[in-house]
Every structure is written in structure tokens, then in C-alpha cells.
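These notes are about the structure you will find just below.
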Amino acid sequence: MPADLTIPRSPHRLPALVRARLAVALAVGSMAGAASRVAGRGSGASIRGQLMMRIAPDALANLLPGRTIASVSGTNGKTTTTHLLAAAVKAAVGADRVVTNADGANLHYGIASALAVAPGRDVAILETDERVVPDVVRLGRPAVLVLLNFSRDQMDRNHEIKSLGRGWRDALSRAGADGPVVIANADDPLVTWAARSATKVVWVDTATSWTQDASLCPECGTMLTRTNGRWACPTGDLVQPEATWRVDGDAVVDPDGTRWELGLKVPGAFNVSNGACALAAAAELGIDPEAAIRGMRTITSPAGRYATAHFGSTTARLLLAKNPAGWAEALPLTTSGTVVLAIDSAAADGRDVSWLWDVEYEQLAGRHVVATGPRAQDLSVRLLYAEVEHSVVPDLAVAVAGHTDPVDVVATYTPFQRLRKLGGLT
Amino acid sequence: MSPVTIVLVYQSLLGIYGDRGNATVLSKRLTWRGIDARVVIVEPGEELPADGQVYLLGGGEDLAQTTAVRELTKDGNLFRALDAGAAVLAVCAGYQICGTTFTIGERDEVVPGLGILDVETRRGDVRAVGEILYRWTKPDGTTSLVTGFENHGGFTRLGADARPLGVVEKGIGNGYDHSEGAQQGKVVGTYPHGPVLARNPELADHVLELALGYSLDPLPRPAIDVLRRQRIAAVSGQPERPER
Ligand SMILES: [Zn+2]
Chain S
1 MPADLTIPRS PHRLPALVRA RLAVALAVGS MAGAASRVAG RGSGASIRGQ
51 LMMRIAPDAL ANLLPGRTIA SVSGTNGKTT TTHLLAAAVK AAVGADRVVT
101 NADGANLHYG IASALAVAPG RDVAILETDE RVVPDVVRLG RPAVLVLLNF
151 SRDQMDRNHE IKSLGRGWRD ALSRAGADGP VVIANADDPL VTWAARSATK
201 VVWVDTATSW TQDASLCPEC GTMLTRTNGR WACPTGDLVQ PEATWRVDGD
251 AVVDPDGTRW ELGLKVPGAF NVSNGACALA AAAELGIDPE AAIRGMRTIT
301 SPAGRYATAH FGSTTARLLL AKNPAGWAEA LPLTTSGTVV LAIDSAAADG
351 RDVSWLWDVE YEQLAGRHVV ATGPRAQDLS VRLLYAEVEH SVVPDLAVAV
401 AGHTDPVDVV ATYTPFQRLR KLGGLT
Chain Y
427 MSPVTIVLVY QSLLGIYGDR GNATVLSKRL TWRGIDARVV IVEPGEELPA
477 DGQVYLLGGG EDLAQTTAVR ELTKDGNLFR ALDAGAAVLA VCAGYQICGT
527 TFTIGERDEV VPGLGILDVE TRRGDVRAVG EILYRWTKPD GTTSLVTGFE
577 NHGGFTRLGA DARPLGVVEK GIGNGYDHSE GAQQGKVVGT YPHGPVLARN
627 PELADHVLEL ALGYSLDPLP RPAIDVLRRQ RIAAVSGQPE RPER
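Chains S and Y supply the protein sequences, listed in that same order. Last residue of the first sequence: 426 (our numbering), numbering continuous. Last residue of the second sequence: 670 (our numbering), numbering continuous.
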């Protein structure tokens, strides 16, 4: 059954007791959230959500039903894709019907927190952490689930990315005919393997070039082959599906063969892929591509990505890169003569910085790099072996200060958030 | 003279923790000394060169381990190279597959390894994830600290033909006792990736010296000394290796 956004739904009215507990949780949480913002710790929304989940652990189960939900997951690009899809939906049905977790708080409590403050909004566009997808599918019965990609990220926490894929696959097969229409990146073997168990899949050829994380068939473990940019298991048990939507340069071709120039304000081929998935998801929600694209073009700096910040006299563009696949996208976008690279290994960054050696920093040779953040010295040794001229300035605020020409800054998650604050963007 | 050949074995299977960095480190440490070096990346299905001087095996998931063992056994050139005097550095999952047996999957299925190290790996009672520090005994009997990051679920027991590389000060290592890693002839296995040679230039030069058969001149690089001091200081707050 395709989602029909022309008739507004009314989110379930919560039982009185649940409502009362949520109200208490929200009140307590708002105070804590404000306090944490003052103290400069984390997003207020996440703190509020964490407290809410403690006081009302079934909050998500109560807050999801009754809405038309689109959930967006994957290792990279889920924040941007969520922003693009939410903007597309808002352009079609009006902003006042749409709730989204725009700040990127994508765990149970982040989602619950966003929903709790928008009881009347019947369309929810939810960025969803890979680990939370099964619960959102089970509890919220989303109309649409966008599965972008799988790559190595935070291996200190997720030992095998395949187990995340297995979680998606099992959730989709359990949901059966009630399950979401899955918008799946056909270029990603693990996404394909997980999405296959859904009742309906819309395959998108995203023209993705990153293949380092997918060498074995998730079904049988045989080495995948790649011919003419298409992957296949030689045993034939898993092959790249025929896509109905595909990326073609800066445009997206829909199932009817119509080319849509996206004209996005967010840069890079990677975001054209994200835009293609958002466009296909919007179409599945019954939204006309023209309206969808009009909305998507309003997105310039989702949750601070690609935003321009000012640090004293320095003008800096902020790029986020969380893992080798993300760095492979971000580094070619940098154009400044001096590039600032900020590395941390807090929990949100992954405690292990081995991934530095999977990033081709060699491409920065000939430019000057400022290595900063708590793990700047690890980067320094990486740059030494890459023979890239650089200086080490561990303090973030010092590293971004005093540049006369504009600089590009690429940062892992924690320093990225600090830079947004330092630059007055949050 | 032909360049020293460093073979990165099955990068897409055994390279999920930046272990390709070990190849970068080894080749640069040679070229910076004026010794010609090249890195050859071999993927499964391609033939391994039999005339390399150093072979590198890195970390990977269960399925990748069994695939690598099967392909390397079928190929045979790793064994020929060892017979010809090559050195092997095997890290984490790569270390485990060098042994006689190891376990995979939820049901701990015991599968045969390459048998080039007299070690056996079984699922441990904890997963070892975190910074590791161990005291490595060098060939001349002196010791040096090795710093890295370990992330493995298997514990490794050494047989009579292998000797431990060092003694764990922080972290888990081989897991059953205080030992870490193993060396047997010119095969060196160790748990920390990181990649391990980036933080431990003496270990890098040890692998090169095993392969070349002569000792190398010192190669001072202050940036690496700073990093080592930082990482060793960072684990000093960590508890000593727990008794089990
Ligand atoms: Zn297969």
C-alpha cells in the first residue's frame, strides 16, 4: 500500500498514564538539556531524550505509531539524506506537518525526543542509527526505509558490519507484508543482501565508487567479482539488482526514463547519490519530483556539514568525515592551499585511529596541512609516511585561527561538533 | 639491484584495520635509507609473487579468514617464498590464520590454518578491544615497548616451536597468559594493528632485517618518538593486565 500524504493522519493519542510520564520526562529533560548546553556538553536533544527513555522506556513505542514514517539509515550520508528528504516532503505537504530529527540525534532517545515535542505532526522523517533500524521497523511500521550503504565505521564497537546487515534483514523479513518499501542502494552488496528480504524494494543505482568494504558475498562468502562497474557473486546467489532509479552525472533518471537535474547546494558526487535516494523515497511517498527537488535545493549545510564558519579573521568551510569512505569523499572536495585536519578518538569518533592508514592522504602532497585535535600526532606520523608537509597544532581553536586565505577543515565527529560551536554555528 | 618487494596479501580480505599502513611504513623506511623498494598488492584470485622479501597479512572478519587460508593454500607461493628466506608479518586475524588451527562463527567451528606458526587460536572469554602495550624481547636480548590497538575475540596458545614476541603490560594479547604474539623463524605474528609498524619503528626494522639478512642504519624520526611517548602515556592510567 503506497503512502498517501494527501490525507493527514492523526498520530495515536497516548494513554493518559503514558502522556503523564512523558510530560514529566520532557520537563525534567528540558532542564537537563538546557543545563548541558550551558555546560557545553552534547546536544540538548540527546540529553533530554536519554532522560525520557529512562523515565518512559516505552516512549518510542508510543510516539511512533499513527504517523507516516520514512526512516533513513546507512553508515555515511544519513544526516544529509534525511535533511534532503524532509525538505522534499515539506515542500509538498507543508512544513507544519513534518517532524524530523534534524540535529542528527539518531538513537532511540534522539528519535523519541524529536517526536515528543511534535505530537501533532503526522509525517516523520527520521535519521536512524544502523543499530536502531530493527526497532523502528518493528515499532513504527515505517512506510519507507532508505538504506544507503555499509562501510567500516567504529570497528571498536561494531566488530563485524555483517551483523548490522543481518539485523536489518531479519527485521524486514519479520515485518513481512507490513514492512516498509525499502529504497536500497543497489551498488552496495551488503545493503542488497539485507534489503532482499523486504516485500517491496526500489533499487537505486547510486554510481558509488567505494568498494573497499565489500569484497565477499554476504550470502556465501565467495569473493565478489566486478565487471563494468557491476558486482556479482560467481555462484549466482547474489548479483547486483537492476535498478529503476539511477544516478547519471549530476542528474537522476527516474523509472520512466526522465532525467532530473538535482542542482543541489551540497557538493560532491556522494550527495548526488544521497539526493537520488531521497528523490526515490519522496516518489514512494507520492511526492512529485519537481516539488521534491525544489525542497532539496534549499538544503545548504545539513547539521553544519559544508557550512562556512568564521574563527576570528579566518573563513573556514567545515567538512565531516567519519571513516575511510567518508574521507575518500571529503578530501577531493578540499580546494584550499592550507587544509586543517582534525582528529579525535572519543567514543563518537571510534577509539581506534587505525583507519588513518586507509585514507589516501598522499593526495594532499604539495599543500600544507595543519594537523589538529587530540590525535593530531597520529595524523602527523601518517602524513610523515605520506610525505605531506604539515604542522602539528593540537589545540583546535589555535589551529583554525589566523589564516588569511579561506581554509577547508575536515574533521571527525567530535572536533566537527566543537568547531560548529567555536564558529558560532550552533 | 632489484627493489625489495613487499607483498600486501589480499588487502580487500585482510586489511580492515588500516593494516596496509604496514606496507607503507616498510617501503618508506627502505627508500628513506636509499634502498629501492616496491609494494605489490595482491587480491584473491591473483597469483602471489614467489620472490618477495616481506609478506604482510592483516586483520579481517571470519569469512575472510577462511577464504584467505583456502586461496593461499591453493596458490602455494607464500610457502615457496618462506622456503626461499622471505619474512612474514601477520597481524590480528592474519596472525591467527598463520597458526595450525583457529575457530570461526557463532558455533566456534575449528578450522585449519596455514601452519607456518605453531600456535592455536580459540574463542576467548572476553573480547580484547583497546590499547595494548607489551615488552618485546629483541633478537639481541634487549627489550623495547610495542604500542598498538588490539581488537580480537580469539585467544592464542603457543606450541613448542613458536616463542612469544613479548610480555603484555597493558591489554590482553595472546590471552591465556601474559604473552603476546609469536615468532618462529622469519614469521612474526602479533595482535595489535594500528597499524603496528607505524608506532613501532624498531619492530618495522626487525621485520626488514629478518627479510634482508643484514642490519639497517638508524633512522631518527622525532614525530614517531613523540607519538610513542603519547600512546605509552595514554595507557599508563589503564589497569595492569588482568589475571584470569
Ligand atoms: Zn554468494
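Ideal Cβ positions, reconstructed from N, Cα and C, are used throughout, including at glycine. Since this is a predicted model, take the numbers as computed values, not measurements.
Quick one: residues in its chain with C-beta nearer than 7 angstroms to the C-beta of serine 197/S, no 5 flanking neighbours on either side, listed in chain order?
Here the set comprises Arg169, Leu172, Ser173.
If we ignore side chains and look at the alpha-carbon of each, how far apart do glycine 40/S and leucine 422/S end up?
Low confidence applies here, because glycine 40/S scores a pLDDT of 48, under 50, leaving its location unreliable; read the following figure in that light. Cα to Cα, glycine 40/S sits roughly 11 angstroms from leucine 422/S.
Exposed unless 16 or more other CB atoms sit within 10 angstroms - verdict on methionine 1/S:
Its pLDDT being 43, under 50, methionine 1/S is placed unreliably by the model, and nothing is read from it.
Counterpart residues of methionine 223/S in DSSP-defined beta bridges
Answer is Leu216/S.
Flag leucine 238/S as yes when its Cβ comes closer than 7 angstroms to any non-hydrogen atom of ligand 1, and as no otherwise.
Yes - ligand 1 has a heavy atom lying nearer than 7 angstroms to the Cβ of leucine 238/S.
Taking Cβ-Cβ distances shorter than 8 angstroms, what residues in chain Y pair up with serine 380/S?
The CB of serine 380/S comes closer than 8 angstroms to the CB of Ala649, Val652, Leu653 in chain Y, given here in chain order.
Mind the definition here: the segment 630-648 of chain Y touches the segment 546-560 of chain Y only if three or more C-beta pairs lie below 8 angstroms; say whether that holds.
No: the two stretches stay apart, fewer than three of their Cβ pairs being nearer than 8 angstroms.
Check: cysteine 220/S C-beta below 7 angstroms from any heavy atom of ligand 3:
As far as ligands go, the structure on display features ligand 1 and does not contain ligand 3.
Identified DSSP bridge partners for aspartate 248/S:
BP columns for aspartate 248/S point to Ala251/S.
Identify the residues that DSSP records as bridge partners of proline 324/S: which are they?
BP columns for proline 324/S are empty, so no partner.
Using a Cβ-Cβ cut-off of 6 angstroms (strictly less than) and excluding sequence neighbours within five positions of histidine 83/S, which residues of its own chain qualify?
Result list for histidine 83/S: Ile299, Pro302, in chain order.
So for glycine 295/S, helix, strand or coil by DSSP?
In this structure, glycine 295/S counts as helix in the three-state DSSP scheme.
Closer than 7 angstroms: threonine 100/S CB and nearest ligand 1 heavy atom:
Checking every heavy atom of ligand 1 against the Cβ of threonine 100/S, none is found closer than 7 angstroms.
In chain order, each beta strand (DSSP E) run of at least 3 residues that lies wholly inside the segment 88-174 of chain S
Listed in chain order, they are 98-100, 123-127, 144-147.
Please confirm whether any heavy atom of ligand 1 lies closer than 7 angstroms to the CB of threonine 235/S.
Yes.
Chain S contact residues for threonine 526/Y, given Cβ-Cβ distances below 7 angstroms:
By Cβ distance, chain S contributes nothing, its closest Cβ being about 22 angstroms from threonine 526/Y, past 7 angstroms.
Answer yes or no: do asparagine 191/S and asparagine 149/S have a C-beta to C-beta separation smaller than 8 angstroms?
In the sequence as displayed, the identity of residue 191/S is valine instead of asparagine. Cβ distance < 8 angstroms, so valine 191/S and asparagine 149/S count as in contact.
Which residues of the segment 357-380 of chain S have a Cβ closer than 7 angstroms to any Cβ of chain Y? Give them in chain order.
Per Cβ criterion, the list reads Trp357, Asp358, Gln377, Asp378, Ser380.
Give me whichever residues DSSP pairs with aspartate 205/S in a beta bridge.
As DSSP reads the structure, aspartate 205/S sits in a beta bridge with Arg246/S.
Assuming alanine 87/S and methionine 223/S make a contact with CB atoms under 8 angstroms, what is their CB distance in whole Å?
Actually they do not touch by this definition, with Cβ atoms about 40 angstroms apart.
Own chain residues within Cβ distance below 8 angstroms of arginine 589/Y, not counting five before or after
Excluding residues within five positions, the ones whose Cβ falls inside 8 angstroms are Ala608, Gln609, Gln610.
I'd like the span of the beta strand (DSSP E) that includes aspartate 551/Y, first residue to last.
Looking at the DSSP string, the run of the beta strand (DSSP E) that includes aspartate 551/Y is 545-563.
Establish whether the CB of leucine 504/Y and some CB of chain S are separated by less than 8 angstroms.
Taking Cβ atoms only, chain S never reaches closer than 8 angstroms to leucine 504/Y, which makes this a no.
From isoleucine 598/Y to aspartate 551/Y, what does the alpha carbon distance come to, in whole angstroms?
Their Cα atoms are separated by approximately 11 angstroms.
Contact defined as beta carbons within less than 8 angstroms: I believe phenylalanine 575/Y pairs with histidine 619/Y. What is the distance between those atoms, to the nearest angstrom?
That belief holds up - the Cβ atoms of phenylalanine 575/Y and histidine 619/Y are roughly 6 angstroms apart, short of 8 angstroms.
Taking contact to mean at least 3 C-beta pairs separated by less than 8 angstroms, is the segment 401-413 of chain S in contact with the segment 434-445 of chain Y?
Taking 8 angstroms as the limit for Cβ pairs, the verdict is that the segment 434-445 of chain Y does not touch the segment 401-413 of chain S.
Going by CA-CA distance only, name the one from Ala330/S, Asp4/S, Glu389/S that's closest to asparagine 76/S.
Cα-wise, what sits closest to asparagine 76/S is Ala330/S.
Under a Cβ-count criterion, where at least 16 other Cβ atoms within 10 Å of its own Cβ denotes burial, should valine 536/Y be classed as buried or exposed?
Its Cβ having fewer than 16 others within 10 Å, valine 536/Y is exposed.
With a CB to CB cut of under 7 angstroms and the five nearest residues on each side skipped, what residues in its chain are close to proline 437/S?
There is no way to answer for residue 437/S, as the model of chain S reaches only from 1 to 426.
Pick from Pro119/S, Val182/S, Gly120/S, Val24/S: whose alpha carbon is nearest that of alanine 278/S?
Of Pro119/S, Val182/S, Gly120/S, Val24/S, the residue nearest in Cα terms is Val182/S.
Can you check whether the C-beta of leucine 384/S is within less than 8 angstroms of a C-beta belonging to chain Y?
True, the Cβ-Cβ gap to chain Y drops below 8 angstroms.
If we count the other Cβ atoms within 10 Å of its Cβ and call it buried at 16 or more, is tyrosine 617/Y buried or exposed?
Flag for tyrosine 617/Y reads buried.
If the cut is a Cβ gap below 7 angstroms, which residues of chain Y does leucine 429/S touch?
Absent from the model: residue 429/S. The displayed extent of chain S is 1 to 426, so no value can be given.
Buried or exposed: where does histidine 108/S fall if 16 or more other Cβ atoms within 10 Å of its Cβ makes it buried?
Answer is buried; the Cβ neighbour count reaches 16.
Measure from the C-beta of valine 451/Y to each C-beta in chain S and report whether the shortest distance is under 8 angstroms.
For valine 451/Y, the nearest CB of chain S lies under 8 angstroms from its own CB, placing it at the interface with that chain.
Taking 7 angstroms as the cut-off, is the CB of cysteine 277/S close to at least one heavy atom of ligand 1?
No; taking the cut-off as 7 angstroms, the Cβ of cysteine 277/S has no heavy atom of ligand 1 nearer than that.
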